[in-house]
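Take a look at the structure set out below.
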Amino acid sequence: MMTIARFIPALSWLKTYNRGQFSQDATAAFIVTMLLIPQSLAYAMLAGVPPEVGLYSSILPLVLYALFGTSTSLSVGPVAVASLMTATSLAVIAEQGTASYLTGAITLALLSGAMLVIMGVMKLGMVTNLLSHSVISGFISASGIIIALSQLKHILGIQAHGDNVVTQLLSMLENIDQFKPITFVIGVSVIAFLLLARRHAKRFLITLKVPEASAASLAKTAPILGVLSSLAVVYLYDLQSHGVAITGHIPAGLPNLGFSLPSMELVKELALPALMISIIGYVESISVGKTLGAKRREKVKPNQELIGLGAANIASGVSGGFPVTGGFSRSVVNFDAGAVTQLASIMTALGIMIASLLLTPMLYFLPKATLAATIIVAVTTLIDFSILKKTWQFSRSDFYAVLATIVITLLLGVEVGVASGVALSIALHLYRTSKPHVAEVGLIKGSEHFRNVKRYEVETSPQLLCLRPDESLFFANATFLEDHIIDTISQRKEINHVVIQCSAVNEIDFSALEMLEALNLQLKSLNIKLSLSEVKGPVMDHLECSGFLHHLNGKVYLSQFQAFKDITQASDS
Numbered sequence: 006m007m008t009i010a011r012f013i014p015a016l017s018w019l020k021t022y023n024r025g026q027f028s029q030d031a032t033a034a035f036i037v038t039m040l041l042i043p044q045s046l047a048y049a050m051l052a053g054v055p056p057e058v059g060l061y062s063s064i065l066p067l068v069l070y071a072l073f074g075t076s077t078s079l080s081v082g083p084v085a086v087a088s089l090m091t092a093t094s095l096a097v098i099a100e101q102g103t104a105s106y107l108t109g110a111i112t113l114a115l116l117s118g119a120m121l122v123i124m125g126v127m128k129l130g131m132v133t134n135l136l137s138h139s140v141i142s143g144f145i146s147a148s149g150i151i152i153a154l155s156q157l158k159h160i161l162g163i164q165a166h167g168d169n170v171v172t173q174l175l176s177m178l179e180n181i182d183q184f185k186p187i188t189f190v191i192g193v194s195v196i197a198f199l200l201l202a203r204r205h206a207k208r209f210l211i212t213l214k215v216p217e218a219s220a221a222s223l224a225k226t227a228p229i230l231g232v233l234s235s236l237a238v239v240y241l242y243d244l245q246s247h248g249v250a251i252t253g254h255i256p257a258g259l260p261n262l263g264f265s266l267p268s269m270e271l272v273k274e275l276a277l278p279a280l281m282i283s284i285i286g287y288v289e290s291i292s293v294g295k296t297l298g299a300k301r302r303e304k305v306k307p308n309q310e311l312i313g314l315g316a317a318n319i320a321s322g323v324s325g326g327f328p329v330t331g332g333f334s335r336s337v338v339n340f341d342a343g344a345v346t347q348l349a350s351i352m353t354a355l356g357i358m359i360a361s362l363l364l365t366p367m368l369y370f371l372p373k374a375t376l377a378a379t380i381i382v383a384v385t386t387l388i389d390f391s392i393l394k395k396t397w398q399f400s401r402s403d404f405y406a407v408l409a410t411i412v413i414t415l416l417l418g419v420e421v422g423v424a425s426g427v428a429l430s431i432a433l434h435l436y437r438t439s440k441p442h443v444a445e446v447g448l449i450k451g452s453e454h455f456r457n458v459k460r461y462e463v464e465t466s467p468q469l470l471c472l473r474p475d476e477s478l479f480f481a482n483a484t485f486l487e488d489h490i491i492d493t494i495s496q497r498k499e500i501n502h503v504v505i506q507c508s509a510v511n512e513i514d515f516s517a518l519e520m521l522e523a524l525n526l527q528l529k530s531l532n533i534k535l536s537l538s539e540v541k542g543p544v545m546d547h548l549e550c551s552g553f554l555h556h557l558n559g560k561v562y563l564s565q566f567q568a569f570k571d572i573t574q575a576s577d578s
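The numbering of the sequence shown is my numbering, which starts it at 6 and goes up by one.
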C-alpha cells in the first residue's frame, strides 16, 4: 500500500478522512465552483475555443490531479497565460471556430500531458531551477498586458487581431469605427464592479455579519454576480439586437470522452509550443503549490507534481479540452475557503458537471464583454513591473535579462517571449558561472581562518598565491580560473607556489580536469608548484580515479591553514 500511495498520493489522506473535513471541503468546493464557471468560459474565449470547452477542461483534470497531485490546496483548470499560449500556438495552423482548431487544442493538451508525465517519471522536477524567477516574472507580466489588450476588442465591440502589442493596437485603431457604446458601457461597468468588489466586498460582507474567513472567500466569487447581472440586463433590454455580442447557444451536457492519435504532421507543429506551455504551466503551478503548502507545512513533491499535472492535461485532452495547470486565484480561494484535501477539487468537478448539464442554456445572453472584463481584471494581478526596480537595485544582469524578456514578449508575442525567457535564464546562469568570484585569500592573524585580501587585514606571503574559487569547476568557467592564475603569476614574478582552496568546489567535470592537468604542467615548467586544499570527498574520489593526483607537482592539504603554514615555513627556511 505504501508503494501504491507513492504514485497515488490521494490514498494517504483518504485513509484518515472524516466528516469534519468533508464539511470544510464541501464549502470550499461550492465557492470555487462559483468562481470557476465564469473563469472557464472566459479562458475558453481567450484560448479561441467554444465556451463549453472551458467547462470540459475543468472537470476531469480536477479529478485526475486530486488523485495524483501532492498539494491539498492547488486547483487545476484553464488559466490566463496557458490559454493565451494555446491561442497563439494554434493561430498559425488553423482558424478559430473550425474543427481543425479544436483538434489542435486537444492535441496540445495531450502532448503537454505526455511531456509532463515523462518528465515526472524521469524525475526532472528540477527543471524549474533552470529558469530565473525574475525572468519568468517579467514574461508573465508582459503576457498579462497582451492578454488584457487582446480582450479590449470585446469591451469596445470591434474586430481585432494580433499576438503582440503592436499588431493588436494597430488592428484596433484600424477598426475603431466599429465601436459600440452599449457594449463598452457593459464591459466598463463589469470591470468597475469587479475592481470595487476586490477592494470593498470583504468589508461589506463583514458588516452583514458574515464571518471574516468566509467573507474573504465569498468576496472572490464576485465574477458570478457580474455574469448574472450583465446577462439579466442584456436579456431584459434585448441588447443583442443593438449589437451587443453574446455567447449564444452553449450545448448542455458532458464531454464525450475519446482519444484519437493526431497526425504526425500536427504533432511536429505543436511539439515545441506544447513543451513551452508545459514548462510555464508547471512553473506557475509548483510556485502556487509550494506557497500554499508552506502555510500548512506540507511538502509538495516536484516530480509527483509533474505526473499530477500531466495526468490532468491528458484528462483534459481526452475530454475535448485544452491545456490546464494550477491557477493562482482559484487555488487561493480554495485555500482561504478552508479546503483541507483534494476531495474539494473532486466536488468542484461535480459542481461544474451540474453546471454543464443544467445551467448552460441560461448563459445564452451572456455578453462577451463580461467575459472579457473578467479576464482583464483577473490578469491585473499578473502584471508586476516592480521586478524591474528590484533587479536594477540588486543585480544589473538580472535587470537586463528581465527587461529583454518583457520587451521581446510585448513586441514579438508570447511564443518568442517564453523561448527567449528560457534562453535568457540559461544564458544568465552560464554567464554567472563562467565568471565565478575568485578571491585571493590570506590568514586572519591569531586564527586559522582565511578571508579575501581585499576585505580583511590578513597575512600573506609574496611567494605564495592562495586562491578560493567560489563555484564548482566545469566547462564554462575552467578557462576563466586558468587565465586568472596565469595573469596573476605573470604580474608577480616572486610567486613560486599556488594553492587552490576548494572549499566551495562541489564538482569538477572533465573539462575542468583537463584544465587542471594543463595548468599543472604549465606551472611545473615555470618551477611553480600547484597544490590543492580542503578538497571535498566526492571531488577527491574523481581526482584519484583520473590519476591527476599522481602528476600533481604540489600536495593536497587537509586545510588551507596547514597549506599556508607548511609552505611559508619552507620558504623561510
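Even glycine gets a Cβ: it sits at the ideal position worked out from N, Cα and C.
Each residue's CA atom was taken as its position, placing Ala383 and Phe333 some 10 Å apart. In this structure, the beta-carbon distance from Thr252 to Pro372 falls below 9 Å. Boundaries around Arg204 are those of the alpha helix (DSSP H), 186-212, since no beta strand (DSSP E) includes it.
The alpha-carbon of Lys450 is positioned some 40 Å away from that of Phe404.
Within the stretch 515-544, the complete alpha helix (DSSP H) runs of at least 4 residues fall at 515-530. For Ser466, same chain residues with a beta-carbon under 6 Å away, outside a window of 5 residues either side, are Thr573 in chain order. Leu435 is positioned such that its CB atom lies no closer than 9 Å to that of Ile490.
As a beta-bridge residue in DSSP terms, Glu464 pairs with Leu448.
Looking at the DSSP output, His502 bridges to Leu469, Lys534.
Bounds of the beta strand (DSSP E) holding Asn457 are 455-457.
The bridge partners DSSP lists for Val443 are Pro474. Taking Gln183 as reference, the option from Ala202, His247, Leu223, Lys214 with the minimal CA-CA separation is His247. Sixteen is the threshold: since fewer than 16 other Cβ atoms of the shown chains lie within 10 Å of the Cβ of Pro366, the residue is exposed. Straight-line measurement puts the Cα of His159 at about 11 Å from the Cα of Met177. When only Cα atoms are considered, Val443 and Ala47 end up about 53 Å apart.
Between the stretch 342-362 and the stretch 151-171, the count of C-beta pairs closer than 8 Å stays below three; the two stretches do not touch. Its chain contains Leu311, Ile312, Gly315, Ala316, Ile319 as the residues whose beta carbon lies nearer than 8 Å to that of Val122, once the 5 sequence neighbours on both sides are disregarded; these appear in chain order. For secondary structure counted as the alpha helix (DSSP H) over 4 or more consecutive residues, the stretch 312-378 holds these complete runs in sequence order: 333-341, 348-359. Of Leu136, Met50, Ile145, the smallest CA-CA separation from Gln101 is found for Met50.
Tyr106 is positioned such that its CB atom lies closer than 9 Å to that of Ala99.
Taken atom to atom, the span from the alpha-carbon of Thr226 to that of Leu40 is near 5 Å.
Beta-carbon to beta-carbon, Leu89 and Ile13 are separated by about 32 Å, too far to satisfy the 8 Å threshold.
Between the beta-carbon of Gln565 and that of Gln506 there is about 5 Å, and that keeps the pair under the 8 Å contact cut. Residue environment for Ile42: buried (at least 16 other C-beta atoms within 10 angstroms of its C-beta).
Secondary structure at Tyr242: coil, using DSSP grouped into helix, strand and coil. Tyr562 has Ser538 as its beta-bridge partners, per DSSP. In this structure, Gln26 is the residue among Lys20, Arg11, Gln26 with its C-alpha nearest to the C-alpha of Ala344.
In this structure, the alpha-carbon of Phe264 lies about 8 Å from that of Ser324.
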